[in-house]
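There are 2 protein chains.
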Amino acid sequence: MTQGNTTGAAKGPVQLRIPPGEDRERLVCDDCGFINYVNPKIVVGSVVTHQDRFLLCRRAIEPRTGYWTLPAGYMEERETTIEGAMREAWEEARARIEIDALIGIYNIPRISQVQMIYRARLLDTNISAGPESREVGLFTWSEIPWDEIAFPSVHWALGHWRETRDQNGFAPFSEPEQGL
Amino acid sequence: MTQGNTTGAAKGPVQLRIPPGEDRERLVCDDCGFINYVNPKIVVGSVVTHQDRFLLCRRAIEPRTGYWTLPAGYMEERETTIEGAMREAWEEARARIEIDALIGIYNIPRISQVQMIYRARLLDTNISAGPESREVGLFTWSEIPWDEIAFPSVHWALGHWRETRDQNGFAPFSEPEQGL
């Protein structure tokens, strides 16, 4: 889901000020006093497999329209991280999945994101593109369109999936030291 | 840090509407059209030990003023989860710490929080109460004021710390099935 201010005018909580009793600037609305606390957002998603194939979605929306990604998106209120990853698999690929491990927690501080990517199994092969996907597909490792991957974290998650494919009870990987 | 609207009047993005092209209600400001996307917030913190003692902070702020907690708080923009946990240890207990494992990821969907609690070692015993703490202390396991703990997740993290005290490379625990 794309998130942002739909108005072009500089209204709403757009003034940076340090509120009383705080130590850093927050976005404040001069019209009504509303303070817009902005904290990092969680992206939840999964590496979904069926036998030796990986579920990928070709993006129908910005950013990176036309490139391939994992089913993943912003976690919503009043859900758990696992529920969010399951919801995203349904919304983007109409995929019903079962989650069994957390592969990685990828911090991307430049854009204030924390991505939590799970390992999951596709419960049946009735998949189809949701509204944010142009198409969806199941690819063997060598068929994956490596040159048309949408985001670095998709490469990280697929690689970490492969490193831990036969493991259970492992610590989730982090983002690489370089490459943000 | 307490987060909320400081004004009592019903102004700012307080109207629930489904924006065009979306599938769920968001808070919208009728004055300026600002859409306030609200997503779950990440709390980062740590179980900090020095030899056989645990660092706890007695809360000086609501909620649960006067009760004991781990150094933890809302993750801020442009930091990593580990940086956030280190910052909170400094802000609440003037503690310098080294983090070595992720103990738990505790979903609390009722309040749309995801808590990430790390295992950490205190680098020196020069600790003191920060502005949000009434006092700080180092307690052996049996000295911990178990009847005056601020939040259930403090119990979970201390218990999970104990279960994994001699382990490395383990999968982080989740919140208990019951008890939210």
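Protein sequences appear in the order of chains B and U.
Note that the first sequence covers residues 8 to 187 in the working numbering.
Note that the second sequence covers residues 8 to 187 in the working numbering.
Backbone N, C-alpha and C fix where the C-beta goes; we use that ideal spot for every residue, glycine too.
Could you tell me if residue i is buried or exposed, where buried requires 16 or more neighbouring beta carbons within 10 angstroms of its beta carbon?
i: arginine 65 of chain U; result: buried
i: tryptophan 163 of chain U; result: buried
i: asparagine 175 of chain U; result: exposed
i: asparagine 133 of chain B; result: exposed
i: glutamate 170 of chain B; result: exposed
i: proline 70 of chain U; result: exposed
i: leucine 165 of chain B; result: buried
i: arginine 126 of chain B; result: buried
i: aspartate 30 of chain U; result: exposed
i: phenylalanine 180 of chain U; result: buried
i: leucine 129 of chain B; result: buried
i: proline 27 of chain B; result: exposed
i: tryptophan 153 of chain U; result: exposed
i: proline 116 of chain B; result: buried
i: isoleucine 68 of chain U; result: exposed
i: glutamate 182 of chain B; result: buried
i: phenylalanine 158 of chain U; result: buried
i: serine 160 of chain U; result: buried
Kindly indicate which residue of the options has the alpha-carbon position closest to the one of residue i.
i: proline 20 of chain B; options: B/Pro27, B/Asp30, B/Cys39 and B/Trp75; result: B/Cys39
i: serine 140 of chain B; options: B/Asp30, B/Arg60, B/Gln22 and B/Pro78; result: B/Pro78
i: glutamate 98 of chain U; options: U/Lys48, U/Pro138, U/Glu150 and U/Pro159; result: U/Pro138
i: isoleucine 118 of chain U; options: B/Asp173, B/Thr87 and B/Ala92; result: B/Thr87
i: arginine 60 of chain U; options: U/Ala67, U/Glu83, U/Ile151 and U/Ser135; result: U/Ile151
i: glutamate 95 of chain U; options: U/Leu63, U/Ala178 and U/Arg31; result: U/Leu63
i: isoleucine 106 of chain B; options: B/Ser160, B/His57 and B/Asn114; result: B/His57
i: phenylalanine 41 of chain U; options: U/Arg24, U/Asp131 and U/Val54; result: U/Arg24
i: histidine 167 of chain U; options: U/Ala136, U/Val54, U/Glu32 and U/Tyr81; result: U/Val54
i: glutamate 83 of chain B; options: U/Glu142, U/Ala102, U/Val121 and U/Glu84; result: U/Val121
i: glutamate 184 of chain U; options: U/Ile124, U/Asn114 and U/Glu32; result: U/Asn114
i: alanine 102 of chain B; options: B/Gly91, B/Ser135 and B/Arg85; result: B/Ser135
i: alanine 100 of chain U; options: U/Phe177, U/Ala178, U/Asp131 and U/Gln22; result: U/Asp131
i: alanine 178 of chain U; options: U/Ile104, U/Glu142, U/Met123 and U/Ile156; result: U/Met123
Could you name the residues of chain U that residue i contacts, counting a contact when the two beta carbons are closer than 9 Å?
i: proline 213 of chain B; result: Since the first and last residues shown for chain B are 8 and 187, residue 213 of chain B lies out of range.
i: serine 134 of chain B; result: A quick correction: the sequence has isoleucine, not serine, at residue 134 of chain B. Result: empty, since nearest Cβ-Cβ is about 20 Å, beyond 9 Å.
I want to verify the contact list: residues of chain U whose CB lies under 7 Å from the CB of residue i, in sequence order.
i: valine 45 of chain B; result: Glu84
Strictly below 9 Å CB to CB, what residues from chain B border residue i?
i: aspartate 37 of chain U; result: Within 9 Å Cβ-Cβ: nothing; aspartate 37 of chain U doesn't reach chain B, min ~11 Å.
Output, in chain order, the set of chain B residues within a Cβ distance shorter than 8 Å of residue i.
i: alanine 178 of chain U; result: Ala108, Leu109, Asn175, Gly176, Phe177, Ala178 and Pro179
i: isoleucine 49 of chain U; result: Asn46, Pro47, Ile49 and Val121
Residues within the stretch 63-91 of chain U neighbouring chain B, beta-carbon criterion of under 9 Å: So the close ones are Tyr81, Met82, Glu83, Glu84, Arg85, Glu86, Thr87, Thr88, Ile89, Glu90 and Gly91.
Residues in the stretch 150-171 of chain B with C-beta within 7 Å of chain U's C-beta atoms, listed in sequence order? Flagged: no residues at all.
Using a Cβ-Cβ cut-off of less than 8 Å, give me the residues of the stretch 110-122 of chain B that come near chain U, in sequence order. Flagged, chain order: Ile112, Asn114, Pro116, Arg117, Ser119 and Val121.
So does the stretch 103-123 of chain U actually touch the stretch 61-75 of chain B, counting three or more Cβ pairs closer than 8 Å? No, the stretch 103-123 of chain U is not in contact with the stretch 61-75 of chain B.
Tell me, please, whether the stretch 44-55 of chain B touches the stretch 39-49 of chain U by the rule of three or more beta-carbon pairs shorter than 8 Å. Between the stretch 44-55 of chain B and the stretch 39-49 of chain U there are three or more inter-stretch CB-CB distances shorter than 8 Å, so the stretches are counted as touching.
Tell me whether the stretch 143-151 of chain B and the stretch 26-38 of chain B touch, counting them as touching only if at least three CB pairs, one residue from each stretch, are closer than 8 Å. Proximity of the stretch 143-151 of chain B to the stretch 26-38 of chain B falls short of the contact definition, fewer than three beta-carbon pairs being nearer than 8 Å.
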